[in-house]
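Q:
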Amino acid sequence: MALFSKRVGLLGTENAFKIGPKIRALEDQGKKVIKCNLGEPDFPVPGFIKDEVKRQIDLDNTHYCDPQGILPLRQAVARHFSETRGIAADPRRVVVFPGAKPPIGLCQIAYCEPGDEVIYPSPGYPIYESFITYVGAKPVPVHLKEDNGFTLSGSEIAAAITPRTRMIFINFPSNPTGGVASKEQLAEIAEVIRRKCRKDVRVYSDEVYEHILFDGSRHASIASCPGMDETTILVGGASKSFSWTGGRIGWAMFPTTAEAEVFRNLNINYFSCVAPYNQEGARLGIESALFAEENRRMIDAFQARRDLVVQGLRRIAGIRCQMPKGAFYVFPNVSAVCESLGIIEAYRRLPAEVRTLTTPSTLLQMFLLFEYQVATMDRKSFGRIGCEHFHFLRLSIATDVGSLALAVSRIGEAARDAAGFTRFLEKGENLY
Ligand SMILES: Cc1ncc(COP(=O)(O)O)c(C=O)c1O
């Protein structure tokens, strides 16, 4: 008898967490790694939120609380959704989770039967795909196109929908591309979904980066399109908005109170409730007028870094780079670098068992990490199906300007170092 169930072997992962030990091993050898791999803002939690959390702990607000989430936070979320999405939101339909990650898997557990199809963006946040196989559903990736700015058209979503479609994940602003769909594109996607999908197909709109938008643009949500709040699960959280990944607060508003009840019960079964003092901190973050100023500072910093990194990468021969419109990632196309360094050819010659574990962009990611001490994420970390044909890296810009400038300069050097790549490959280590 095997120790673990077959099911657990089907679960994928988030490589952003897995790469940490490799970086630490290099640091233990005295090497300084520039960390462009991190998916968390590098700013402190705003002071007014910290003060509220401390105050709540001093008030002994440290016990079990409503498994659905404390009412004041659910009310604040519902008010925020009503005001910003123009929909009739309701705190009874809001459920609080320990981060915006858990509802991804819990929704698939709650809505999908084996064989149901789940549509999701690729490249996309890895947990969408990771859970699909775990629940026995069928992954249907929609491969986002670079020349569309990694957005999504109505025809692309139409081609993916079948009578077995059960859930559709969308994520704007996007991790890992920084792509942002326009209002018009969202309207087109919504029209296709309304026309082609039954009313019980759920759209999961992951809007955790709603507050990180560049060039003065405003957030648009598919939930605002006519009729879509009846089928959309609208998701947000504190990790990115309040630079508070350790607070573990996320929220989702479901189409009906009956659905919210199901998730309340899932919460009871999995973790009982979410720390009430942190929920109060998140409530204040949503409600306080002080947030706008903190948010402005964060966006200005990210936008300046984005410009620096994109311009720098575009100067490197063999790199093409879209200008992200939101989130804090840059997603360059490194196909020509993979070609000129001999990576594509080297990948083809790898033994079949190694080739299944790596991709050309993984080899470039490892070359950059081990030989140039720049930590990035490969394309395969954002959707494995069909990924070997696409050669991209994700660079997080959640690190200081000086480090980012150095990272770009090291990537430029590495992109010209074919001999260095051959030597790296000959070592036969760290190929995935
Ligand atoms: C698109 C997207 N959704 C959800 C999450 C989960 O965030 P958290 O669980 O920290 O709230 C992340 C984190 O990187 C993300 O990028």
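Residue numbers for the sequence shown follow the numbering used here, so the first one is 513 and each next one is one higher.
In this text, a Cβ means the ideal position worked out from N, Cα and C, and glycines have one as well.
(1) In the DSSP output, what is P633 paired with across the bridge?
(2) Specify the secondary structure class of Y841 as computed by DSSP and reduced to three states.
(3) Check D718 in the structure and name its three-state DSSP category.
(4) Do G793 and V589 come within 9 Å of each other at the CB atom, strictly closer than that value?
(5) Go ahead and pull the three-state DSSP assignment for D602.
(6) Which residues have their C-beta within less than 6 Å of a heavy atom of ligand 1, listed in chain order?
(7) How far does the alpha helix (DSSP H) with S751 in it reach, from first residue to last?
(8) Taking three-plus beta-carbon pairs below 8 Å as touching, is the stretch 827 to 838 in contact with the stretch 665 to 674?
(9) Report yes if the CB atom of I680 is closer than 9 Å to the CB atom of I705, and no otherwise.
(10) Have a look at Q568 and V822 and give me their C-alpha separation to the nearest angstrom.
(11) Where does M835 fall in DSSP's three states?
(12) Could you pull out every residue in the same chain whose Cβ sits closer than 8 Å to the Cβ of P767, ignoring the five residues on either side in sequence?
(13) Below 8 Å, how does it come out for the stretch 649 to 658 and the stretch 884 to 903: are there three or more Cβ pairs, yes or no?
(14) What residue ranges within the stretch 774 to 842 form continuous alpha helix (DSSP H) runs of no fewer than 4 residues, ordered along the chain?
(15) Per the DSSP calculation, F904 is bridged to which residue(s)?
(16) V747 bridges to which residues according to DSSP?
(17) For the pair the stretch 531 to 547 and the stretch 870 to 883, tell me if three or more CB-CB distances fall below 8 Å.
(18) Assuming M878 is part of the alpha helix (DSSP H), what are its boundary residues?
(19) Leaving aside the five residues before and after M835 along the sequence, list all residues of the same chain whose C-beta is less than 7 Å from its C-beta, in chain order.
(20) Could you tell me the distance, in whole angstroms, from the CA atom of I761 to the CA atom of A772?
(21) With distances taken from CA atoms, which of L943, K939 and V920 is nearest P872?
(22) Whether or not the stretch 593 to 603 and the stretch 727 to 740 are in contact is what I'm after, with contact meaning three or more pairs of Cβ atoms, one per stretch, closer than 8 Å; do they touch?
(23) Any heavy atom of ligand 3 closer than 8 Å to the Cβ of S873?
(24) Grab the span of the alpha helix (DSSP H) containing T645 for me, first residue to last.
(25) Let me know the secondary structure DSSP gives N683 once reduced to three states.
(26) Which word fits I780, buried or exposed, when buried means at least 16 other C-beta atoms lie within 10 angstroms of its C-beta?
(27) Should V607 and W763 be called a contact, given that it needs their Cβ atoms to be closer than 9 Å?
(28) Looking only at its own chain, which residues have a Cβ that is under 7 Å from the Cβ of K939, when we skip the five neighbours before and after it?
(29) DSSP has I546 in a bridge; who is on the other side?
(30) Determine the DSSP secondary structure at K725, reduced to helix, strand or coil.
(31) Alpha carbon to alpha carbon, what distance is there between H575 and P788?
(32) Could you pull out every residue in the same chain whose Cβ sits closer than 7 Å to the Cβ of C624, ignoring the five residues on either side in sequence?
A: The short version:
(1) Within the sequence shown, numbered from 1, the residue matching residue 633 stands at position 121. Note: P633 sits in a beta bridge opposite V654.
(2) Here residue 841 refers to the residue found at position 329 when the sequence shown is read from its first residue. Strand.
(3) Working through the sequence shown from its first residue, we reach residue 718 at position 206. Three-state DSSP puts D718 in a strand.
(4) Within the sequence shown, residue 589 is the residue found at index 77, counting from 1. Within the sequence shown, residue 793 is the residue found at index 281, counting from 1. Not a contact, by the Cβ cut-off of 9 Å.
(5) Residue numbering aside, residue 602 sits at position 90 when the sequence shown is read from its first letter. Looking at D602 - three-state DSSP - the assignment turns out to be coil, as it is neither helix nor strand.
(6) G551, G611, A612, K613, Y637, N683, N687, D718, V720, G749, S751, T757 and G762
(7) Taking the sequence shown and counting its residues from 1, the one referred to as residue 751 is at position 239. Looking at the DSSP string, the run of the alpha helix (DSSP H) that includes S751 is A750 to S753.
(8) no
(9) Your numbering for residue 680 matches position 168 in the sequence shown. Your numbering for residue 705 matches position 193 in the sequence shown. Yes. Within cutoff.
(10) Position 56 of the sequence shown, counted from the start, is the residue given in the question as residue 568. Position 310 of the sequence shown, counted from the start, is the residue given in the question as residue 822. For Q568 and V822, the distance between alpha carbons rounds to 42 Å.
(11) Residue mapping note: residue 835 aligns to position 323 of the sequence shown, counting from 1. Here M835 sits in coil by DSSP.
(12) Walking along the sequence shown from the start, residue 767 turns up at place 255. Excluding positions up to five away in sequence, the list reads R605, R714, D741, E742, T743, T744 and I745.
(13) yes
(14) 788 to 799 and 802 to 826
(15) Taking the sequence shown and counting its residues from 1, the one referred to as residue 904 is at position 392. Bridge partners of F904: N845.
(16) Counted from its first residue, the sequence shown places residue 747 at position 235. For V747, which the question treats as bridged, DSSP gives the partners D718 and A764.
(17) yes
(18) In the sequence shown, residue 878 corresponds to position 366, counting from 1. Element bounds for M878: P872 to Y884.
(19) Mapped onto the sequence shown, residue 835 falls at position 323. V822, listed in sequence order.
(20) On the sequence shown, position 249 is the one that residue 761 refers to. On the sequence shown, position 260 is the one that residue 772 refers to. If you take the alpha carbons of I761 and A772, they lie about 17 Å apart.
(21) Start at 1 with the first residue of the sequence shown, and residue 872 comes out as number 360. Comparing Cα-Cα distances from P872 to each of L943, K939 and V920, the minimum goes to L943.
(22) yes
(23) Of the ligands this structure carries, namely ligand 1, none is ligand 3.
(24) Numbered from 1 along the sequence shown, position 133 holds the residue referred to as residue 645. T645 -> alpha helix (DSSP H) spans P638 to Y646.
(25) On the sequence shown, residue 683 is found 171 positions in, with the first residue counted as 1. If DSSP states are grouped into helix, strand and coil, N683 belongs with the strands.
(26) Counted from its first residue, the sequence shown places residue 780 at position 268. With fewer than 16 other Cβ atoms within 10 Å, it is exposed.
(27) Translated into positions along the sequence shown, residue 607 becomes position 95. Translated into positions along the sequence shown, residue 763 becomes position 251. Closer than 9 Å, so yes.
(28) Here the question's residue 939 lines up with position 427 in the sequence shown. Contacts found: none.
(29) Here residue 546 refers to the residue found at position 34 when the sequence shown is read from its first residue. DSSP lists V886 as partners of I546.
(30) Here residue 725 refers to the residue found at position 213 when the sequence shown is read from its first residue. For the record, residue 725 in the displayed sequence is Leu; it is not Lys. In this structure, L725 counts as strand in the three-state DSSP scheme.
(31) Locating residue 788 in the sequence shown gives position 276, where the first residue counts as 1. Locating residue 575 in the sequence shown gives position 63, where the first residue counts as 1. Distance between the alpha carbons of P788 and H575: 7 Å.
(32) As a position in the sequence shown, residue 624 is number 112, starting the count at 1. So the list reads V630, V647, A649, R678 and M679, once near-sequence residues are dropped.
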